[in-house]
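Novice:
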């Protein structure tokens, strides 16, 4: 059985029913679909593009395997000659996209598919699934990064993400957007995301004495000793570890940090810092975790809590305040003719589009223009061809390079957009040529 | 490369650092961990247990593969003799659990692991990841089911779920909790979840005339013709399809339903119903979708909107109002000694526990008692042994049987808990024996 993430049947049934209709109609002209987000939810001033890498992997590997074809044949919904036609199906189209890490805004396409209709339609469900989630997490993680400049920030979200792939991709997307690492071992193995983590409460509990747990752990991990000190009484544990720290120092082992995971983190951090400093342990850092998000981080930083780093988990990896974006993958052209839907509240801009971005003298972004790909207004175009005839045009950049680019993107935001507060919307102009095309499309009868 | 969902390295680094410490200490006595949810979020009156099936699969297949061991050896964090010890690691423990579909409440363990410490610790991250997500979706989907009795309800969430596994498991969990089917083809293939779905707006747009799209689709799918009628003008489309319906009828094809996907669904449904009825098409059903959740369903049902079925997607599959539960997998006993953490706001009940449920004369649930597994108060015990020495004790029930059981569970809820409004909390009593054990545990010095 194919793994879930690789199955071509991980799709909506209607993709296949439409494909059969197109097969019957012999319709397979070139289709143009674009992926975009319709609007910013409250508490987001921008989006950060993520997921392109996995989307390109998906397109490169697109095929039905024999088990899947057999199931399609036997399920009673599809004609044998249609199922047979799927055996040779591959993605042969072109992709234009914004690089991962690019800051973008509502209605701006971040990816365009230009391919024979059946291929372009079939991939819709998984393309949305892949592009939305990393964009969602990267957009949230960017806020976490902006809330705590200079602090060590680590993704701790895996256990409460929605399944295996979410856990893995949340580590990737949050690192891409500026976190310093993750607890997720597989993300370390796959993409060299720096790994962090030491002990759970269960480790302390399993030992009859907390101090014995601390000492044994230090000897087992002499170069990465972070001790979790809130299992029973945070301040008592901090006090008790002072003689241990001196004993370990004689053995050449330095306690790197203590971790707080419950209660009033600011209050505990102040008390623990005072205890450690009074004991001469100025070098032991304080790391905190527990239901954190960008707002709590900003509060702790603003209040001067002596915390050196944070583990940020569930609320970032599920984008808990807004766990989805109102995003879509829409047909904008078929057989050379621009198209759009006009459904109430869901009308789209027709045709192949490009986003041109202008910067001010300080290098900050000033305004975007959404227009036809064939136009050339002022500014730098954001979408570029990354795949042609089903082949990638260049190897994927290492994740650390994507992260550098995302960091530059965040630095190019004006302060109002970088703030956690909801800002006045960034200016995205719709060019006259695009408005005119929409008018022409709407004039056609259907 | 192993698929994400099967990788033993899809875990938190601290599981492995703790394992190395246990290896160094030669600590591997029997550990008892329990998984539970700490509290009900606003807008939830109960939980529905999900994910046991996948959790047991995970435990049955637990092993490190050669690539993973090689990476662990080379990453510079672990001792060779420790990594070598992982090669033979398998799950050899016992599992007690509530059946999937069981209704449960805060602090009640739904699953207990009894296993050598290293195995029981290693599996924490993925066990939480698997148990939380399906429980989250099943608990939300149960509310969706209760909000619209008798209506056809279909999961449409795949594209905006968080990755591949979430998409697949959301289809499973929502069907388990009472939905009638899904658009997710892979869920149909894997578990025979009934499949639904016909056409997208793109299909209508790709044809120059909407009616041509409708007619061609009907001929391609004569037994499952549902037409999406909101691409341009909903009521105009309903009017236009009347002559088409008569033409198709002469060819032996019945239009089963029309789908509305935008605007004021109740208003459109009333108008479309009137148009269809005036045209004598009483048999064509109305199906609606678009950003629905249990509250909107309840409103549409209460308002008497003539809608026969609903596609419910993003908000259900991401559990959008509460996209995570405050759940935990905690050590409650090690080497025969009951234990608990006392961290502020996060203290747990120690020892191996059982939940006993009492029913009233009408067969509705009346109260639960949380107590030690060794006690026998009034009521029926909810956890039962499902795995021993790493082997399942029985084959898994077919999903349709789990769904029947969940339906009975929902029927056993008193009306206040079945309501969408937040109810007075269900009574979960903590037995004196458990309170006494906690007192004794707290008296020990650490």
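Residue numbers (my numbering), protein chains in the order written: chain A, 346 to 791; chain B, 346 to 791.
In this text, a Cβ means the ideal position worked out from N, Cα and C, and glycines have one as well.
Measuring straight from C-alpha to C-alpha, what distance separates residue 634(A) and residue 366(B)?
Specialist: Position 289 of the first chain, counted from the start, is the residue given in the question as residue 634(A). Position 21 of the second chain, counted from the start, is the residue given in the question as residue 366(B). In a straight line, the C-alpha of residue 634(A) is about 22 Å away from that of residue 366(B).
Novice: Taking CB distances under 7 Å as the criterion, tell me whether residue 696(B) reaches chain A.
Specialist: If you number the second chain from 1, residue 696(B) lands on position 351. Answer no: the Cβ-Cβ gap between residue 696(B) and chain A never drops below 7 Å.
Novice: Counting pairs of Cβ atoms below 8 Å between the region 494–504 of chain A and the region 670–685 of chain A, do you hit three or more?
Specialist: Touching, no, given that fewer than three Cβ pairs across the two stretches are closer than 8 Å.
Novice: Would you tell me roughly how many angstroms separate the C-alpha atoms of residue 408(A) and residue 438(A), rounded to the nearest one?
Specialist: As a position in the first chain, residue 408(A) is number 63, starting the count at 1. As a position in the first chain, residue 438(A) is number 93, starting the count at 1. Those two C-alpha atoms are separated by around 14 Å.
Novice: Rounded to a whole number of angstroms, what is the C-alpha to C-alpha distance between residue 728(B) and residue 582(A)?
Specialist: Here residue 728(B) corresponds to residue number 383 of the second chain, with the count starting at 1. Here residue 582(A) corresponds to residue number 237 of the first chain, with the count starting at 1. When rounded, the distance between both Cα atoms is 36 Å.
Novice: When every heavy atom of the ligand SAH is checked, does at least one fall within less than 6 Å of the C-beta of residue 607(B)?
Specialist: Ligands are entirely absent from the displayed structure, and the ligand SAH is therefore not among its contents.
Novice: Output yes if chain B places a C-beta closer than 7 Å to the C-beta of residue 411(A); else output no.
Specialist: Looking up residue 411(A) in the first chain gives position 66. No, no contact with chain B.
Novice: Which of the three DSSP states is assigned to residue 474(B) in this structure?
Specialist: Along the second chain, read from residue 1 onward, the residue named residue 474(B) stands at position 129. Residue 474(B): helix per DSSP, three-state reduction.
Novice: Interface residues of chain B around residue 562(A) at Cβ under 7 Å?
Specialist: Working through the first chain from its first residue, we reach residue 562(A) at position 217. 366, listed in chain order.
Novice: Where DSSP assigns a beta bridge to residue 674(A), which residues make up the other side?
Specialist: Working through the first chain from its first residue, we reach residue 674(A) at position 329. DSSP output for residue 674(A) lists 380(A) as bridge partner(s).
Novice: Does the distance from the CB of residue 870(B) to the CB of residue 508(A) come in under 7 Å?
Specialist: This structure cannot settle anything about residue 870(B), because the visible part of chain B is limited to 346 through 791.
Novice: Within its chain, find whatever has a CB closer than 7 Å to the CB of residue 487(B); leave out the 5 residues flanking it on each side and keep chain order.
Specialist: Position 142 of the second chain, counting from 1, holds the residue named residue 487(B). Correct list, in chain order: 393, 522, 523, 755.
Novice: Anyone know if the C-beta pair for residue 493(A) and residue 642(A) falls short of 7 Å?
Specialist: Here residue 493(A) refers to the residue found at position 148 when the first chain is read from its first residue. Here residue 642(A) refers to the residue found at position 297 when the first chain is read from its first residue. Yes, the pair counts as a contact, with Cβ atoms nearer than the cut-off.
Novice: Quick one: what's got a C-beta closer than 8 Å to residue 679(A)'s C-beta in the same chain, skipping five residues either side?
Specialist: If you number the first chain from 1, residue 679(A) lands on position 334. Excluding sequence neighbours, residue 679(A) sits near 374, 375, 376, 377, 462.
Novice: Would you say residue 363(A) reaches chain B, if we count a Cβ-Cβ gap shorter than 7 Å as a contact?
Specialist: The residue given as residue 363(A) occupies position 18 in the first chain. For residue 363(A), the answer is yes, since a Cβ of chain B falls inside 7 Å of its Cβ.
Novice: Can you list the residues of chain A that residue 541(B) reaches, using a CB-CB cut of under 8 Å?
Specialist: Reading the second chain from its first residue, position 196 is the one you call residue 541(B). The contacting residues are 358.
Novice: Applying a beta-carbon distance threshold of less than 9 Å, which residues of chain A neighbour residue 606(B)?
Specialist: Sequence index remark: in the second chain, residue 606(B) carries index 261 (1-based). Within chain A, the residues near residue 606(B) are 688, 691.
Novice: Using the beta-carbon of each residue, which ones in chain B are nearer than 7 Å to residue 398(A)?
Specialist: Taking the first chain and counting its residues from 1, one reaches residue 398(A) at position 53. Chain B residues near residue 398(A): none, gap ~14 Å exceeds 7 Å.
Novice: May I ask you to list the residues that DSSP assigns as paired with residue 466(A)?
Specialist: Counting from one through the first chain, the residue named residue 466(A) turns up at place 121. DSSP output for residue 466(A) lists no bridge partner at all.
Novice: Could you tell me the alpha carbon to alpha carbon distance between residue 718(B) and residue 699(B), rounded to whole angstroms?
Specialist: In the second chain, counting from the first residue as 1, residue 718(B) sits at position 373. In the second chain, counting from the first residue as 1, residue 699(B) sits at position 354. Between residue 718(B) and residue 699(B), the C-alpha separation is close to 5 Å.
Novice: Quick one: list the residues of chain A neighbouring residue 369(B), beta-carbon separation under 8 Å, in chain order.
Specialist: Against the second chain, residue 369(B) aligns to sequence position 24. Within 8 Å Cβ-Cβ: 561, 564, 565.
Novice: Quick check: is the beta carbon of residue 530(B) nearer than 7 Å to any beta carbon in chain A?
Specialist: By one-based count along the second chain, residue 530(B) stands at place 185. So yes, residue 530(B) belongs to the interface.
Novice: From this set, 787(B), 774(B), 353(B), which residue's C-alpha is nearest residue 413(B)'s C-alpha?
Specialist: By one-based count along the second chain, residue 413(B) stands at place 68. Per the Cα distances, 353(B).
Novice: Along the beta strand (DSSP E) that carries residue 711(A), what are the first and last residues, could you check?
Specialist: By one-based count along the first chain, residue 711(A) stands at place 366. 710–717 is the extent of the beta strand (DSSP E) around residue 711(A).
Novice: When the Cα atoms are used, what is the spatial distance from residue 444(B) to residue 538(B)?
Specialist: The sequence position of residue 444(B) within the second chain is 99, counting from 1. The sequence position of residue 538(B) within the second chain is 193, counting from 1. Spanning the two alpha carbons is a distance of roughly 19 Å.
Novice: Compute the distance between the beta-carbons of residue 362(B) and residue 570(A), then report whether it is under 7 Å.
Specialist: Walking along the second chain from the start, residue 362(B) turns up at place 17. Walking along the first chain from the start, residue 570(A) turns up at place 225. Not closer than 7 Å, so no.
Novice: If you check the beta carbons only, do residue 528(A) and residue 482(A) fall under 7 Å apart?
Specialist: As a first step, residue 528(A) must be located in the first chain, where it is residue number 183. As a first step, residue 482(A) must be located in the first chain, where it is residue number 137. Not a contact, by the Cβ cut-off of 7 Å.
Novice: For residue 632(B), which beta-bridge partners are listed by DSSP?
Specialist: Along the second chain, read from residue 1 onward, the residue named residue 632(B) stands at position 287. According to DSSP, residue 632(B) bridges with 604(B), 654(B).
Novice: Show which residues of chain B have a CB atom less than 8 Å away from the CB atom of residue 462(A).
Specialist: Position 117 of the first chain, counting from 1, holds the residue named residue 462(A). Result: 551.
Novice: Below 8 Å on the Cβ atoms is my guess for residue 737(A) versus residue 731(A); work out the distance and round it to an integer in Å.
Specialist: Taking the first residue of the first chain as 1, we reach residue 737(A) at position 392. Taking the first residue of the first chain as 1, we reach residue 731(A) at position 386. That pair is a contact at about 7 Å.
Novice: Cα separation between residue 385(A) and residue 558(A)?
Specialist: Locating residue 385(A) in the first chain gives position 40, counting from the first residue. Locating residue 558(A) in the first chain gives position 213, counting from the first residue. Cα to Cα, the separation comes out at about 47 Å.
Novice: Which term fits residue 403(A), buried or exposed, when burial requires 16 or more other beta carbons within 10 angstroms of its beta carbon?
Specialist: Numbered from 1 along the first chain, position 58 holds the residue referred to as residue 403(A). Buried, because 16 or more other Cβ atoms sit within 10 Å of the Cβ of residue 403(A).
Novice: Which residues, in chain order, does the region 496–514 of chain A contribute to contact with chain B at a C-beta distance below 8 Å?
Specialist: Answer set for the region 496–514 of chain A: 501, 503, 504, 505, 506, 507, 508, 509, 510, 511, 512, 513, 514.
Novice: For residue 350(B), which residues in chain A fall below 8 Å Cβ to Cβ?
Specialist: By one-based count along the second chain, residue 350(B) stands at place 5. Within 8 Å Cβ-Cβ: 348, 349, 350, 508, 509, 510.
Novice: Quick one: is residue 490(B) buried, meaning 16 or more other Cβ sit within 10 Å of its Cβ, or exposed?
Specialist: As a position in the second chain, residue 490(B) is number 145, starting the count at 1. Under this definition residue 490(B) is a buried residue.
Novice: Run through DSSP, which three-state label would residue 760(B) get?
Specialist: Position 415 of the second chain, counting from 1, holds the residue named residue 760(B). If DSSP states are grouped into helix, strand and coil, residue 760(B) belongs with the helices.
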